[in-house]
Structure formats: structure tokens, C-alpha cells
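Encoded as C-alpha cells, the structure appears first; notes follow it.
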Amino acid sequence: MYDNWEALERACLECRKCGLCQDRRHVVFGVGSAQAKVLFVGEGPGEHEDLQGEPFVGRGGQLLDKYLAAVDLDRKTNVYIANIVKCRPPQNRDPLPEEQEACIGWLRNQFALLRPKIVVCLGRVAAMRMMKPDIKITKEHGVFVEKNGTLMMATLHPAALLRNPKQKPAAFEDYLRLREKIDELGCDIAK
Ligand code: URA
Numbered sequence: 001m002y003d004n005w006e007a008l009e010r011a012c013l014e015c016r017k018c019g020l021c022q023d024r025r026h027v028v029f030g031v032g033s034a035q036a037k038v039l040f041v042g043e044g045p046g047e048h049e050d051l052q053g054e055p056f057v058g059r060g061g062q063l064l065d066k067y068l069a070a071v072d073l074d075r076k077t078n079v080y081i082a083n084i085v086k087c088r089p090p091q092n093r094d095p096l097p098e099e100q101e102a103c104i105g106w107l108r109n110q111f112a113l114l115r116p117k118i119v120v121c122l123g124r125v126a127a128m129r130m131m132k133p134d135i136k137i138t139k140e141h142g143v144f145v146e147k148n149g150t151l152m153m154a155t156l157h158p159a160a161l162l163r164n165p166k167q168k169p170a171a172f173e174d175y176l177r178l179r180e181k182i183d184e185l186g187c188d189i190a191k
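Under my numbering, the residues of the sequence shown are numbered 1 to 191, in order.
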């Protein structure tokens with residue numbers, strides 16, 4: 001475990017713990033405020049993220065930014081966004097269990113430094129890993145559950161919403177619930 005962000009990021013950028021390191025253009029460490037009380041967790045970088053070295057910068061990311069802005073959240077100033085795996089799986093396939101296992105220590109260290117009050121899982125892969133392996137995200141999204149003192153909620157993955165726009169209103173409700181929860185806990189930080 002690293003006790004500061006700089007050392008953690010430096011080590012993560014050098015990581016060769018699994019085969020995904022071979023074809024990566026960037027390690028996608030994470031983005032956001034070290035003071036954030038809300039941590040968003042996605043699955044893993046796609047093509048745009050691999051090219052730019054930042055999570056959720058493709059079309060899905062633009063949708064995520066829109067939803068965040070609507071509830072007064074912002075990727076640079078008052079949330080933190082990271083992924084289960086930090087390097088892009090080929091053809092955007094789901095990260096394999098052994099890749100997740102090799103990589104999860106980086107996220108655990110990010111979690112330990114951040115000590116978020118709320119974790120929002122973006123999509124099935126993150127929700128299965130962070131919340132419970134048999135989660136049914138279409139049924140259970142938007143519901144907060146407490147796990148070891150942290151509130152966790154899953155929402156639909158932005159890329160899934162682009163494929164199936166009918167789900168957008170239901171997903172947007174999750175962001176409204178998130179805002180309510182932040183206000184209830186009084187854990188907002190200034191933008
Ligand atoms: N999808 C994810 O799960 N994470 C990203 O960073 C980009 C797309």
C-alpha cells in the first residue's frame with residue numbers, strides 16, 4: 001500500500017502485473033479530486049481512454065459528464081473516477097477474472113487514500129466486483145446498500161445507455177438519488 005497519491009500513481013503507471021500491459025498505450029489511473037467523497041468505478045478503459053490516459057472520455061464519458069453536471073458534480077473537482085482494470089482489454093471485452101484480480105489492488109489503494117462515503121458502480125462488471133457477484137443491475141440499480149461503512153450504489157453503464165436510450169430516464173433517476181444522498185450525508189465538497 002502506498003500512503004500518497006503521487007507514489008501510488010507512479011507505481012501504477014509502471015504496472016506489468018497482467019497481460020493487458022502489453023498492448024496498452026496508457027495506463028488509465030483515474031481522475032478527480034483527492035478530497036472527493038464520491039468514487040465512481042467503471043469497468044476498464046476503452047479505445048479513447050487508452051489513447052488519452054483518462055477514464056470515460058468517449059461518448060459514454062460525455063453522457064456521464066452531462067449527468068454529473070445535472071446534479072452539480074464534476075470529474076475534476078468533486079468526484080473521483082477510476083476503473084476496476086487500468087489497462088484496456090482487447091476489443092473492449094470484459095476484463096478476465098485474473099486481470100481483475102491482478103489490478104484490484106490499485107483500486108483498493110485508491111479507495112484507502114480517498115476514503116469515500118459513497119461508491120457508484122458504473123455497470124455490471126464494477127457492480128459484481130464491488131457489491132455482489134450476482135447483482136442484477138437492471139433491477140437493483142439506484143439502490144444504496146451499506147458495505148463496511150461505505151454506501152454503494154450501482155447504475156447502468158453509460159455505454160449501455162447509448163445502446164439502449166430508453167433506459168436513460170431510469171438511469172438519470174439514480175443520479176438524482178445520489179444527489180439526495182450526498183445532501184443527506186452532508187458530504188458535498190465545493191466545486
Ligand atoms: N468504460 C469504462 O468502464 N471505463 C472507462 O473508463 C471507459 C469506458
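In this text, a Cβ means the ideal position worked out from N, Cα and C, and glycines have one as well.
The ligand URA heavy atom lying under 7 Å from the CB of residue i
| i | result |
| --- | --- |
| Val28 | yes |
| Leu122 | yes |
| Asn83 | yes |
| Gly53 | no |
| Phe56 | yes |
| Ala170 | no |
| Lys159 | The residue asked about is misnamed: residue 159 is Ala in this sequence, not Lys. Correct: Ala159 has its Cβ closer than 7 Å to the ligand URA. |
| Glu9 | no |
| Glu47 | no |
| Gly32 | no |
| Glu43 | yes |
| Gly61 | yes |
Pairwise C-alpha distance: residue j and residue i
| i | j | result |
| --- | --- | --- |
| Thr155 | Ile137 | 7 Å |
| Trp106 | Pro133 | 20 Å |
| Glu47 | Glu146 | 33 Å |
| Asn92 | Leu20 | 11 Å |
| Phe172 | Ala69 | 12 Å |
| Gly44 | Arg75 | 17 Å |
| Met130 | Gly123 | 11 Å |
| Met153 | His141 | 7 Å |
| His157 | Glu180 | 20 Å |
| Met128 | Lys191 | 30 Å |
| Leu162 | Gly60 | 7 Å |
| Asp174 | Glu98 | 31 Å |
| Lys139 | Gln167 | 12 Å |
| Val85 | Gln100 | 6 Å |
| Ile182 | Val143 | 14 Å |
| Ala170 | Ile135 | 17 Å |
| Cys12 | Asn164 | 34 Å |
Strand pairing of residue i, partner residues [DSSP]
| i | result |
| --- | --- |
| Met153 | Val120 |
| Tyr80 | Gly32 and Leu39 |
| Val145 | Met152 |
CB-CB length for residue i against residue j, believed under 8 Å
| i | j | result |
| --- | --- | --- |
| Leu151 | Val71 | Their Cβ separation, rounded to whole angstroms, is 16 Å, which puts Leu151 and Val71 out of contact at 8 Å. |
| Asp65 | Arg25 | That belief does not hold up - the Cβ atoms of Asp65 and Arg25 are roughly 22 Å apart, past 8 Å. |
| Val41 | Cys103 | The Cβ separation is near 12 Å, so there is no contact. |
| Pro90 | Asp3 | 34 Å between Cβ atoms; not a contact. |
| Gly30 | Ala82 | 4 Å |
| Pro116 | Ala7 | Actually they do not touch by this definition, with Cβ atoms about 20 Å apart. |
| Pro95 | Val125 | 7 Å |
| Tyr67 | Gly32 | Not confirmed; about 15 Å, so no contact. |
| Val27 | Cys15 | 6 Å |
| Leu39 | Leu114 | 6 Å |
| Met1 | Ala112 | 6 Å |
Test: residue i CB closer than 8 Å to a CB of chain D
| i | result |
| --- | --- |
| Trp5 | The displayed structure is made up of one protein chain only, and chain D is not part of it. |
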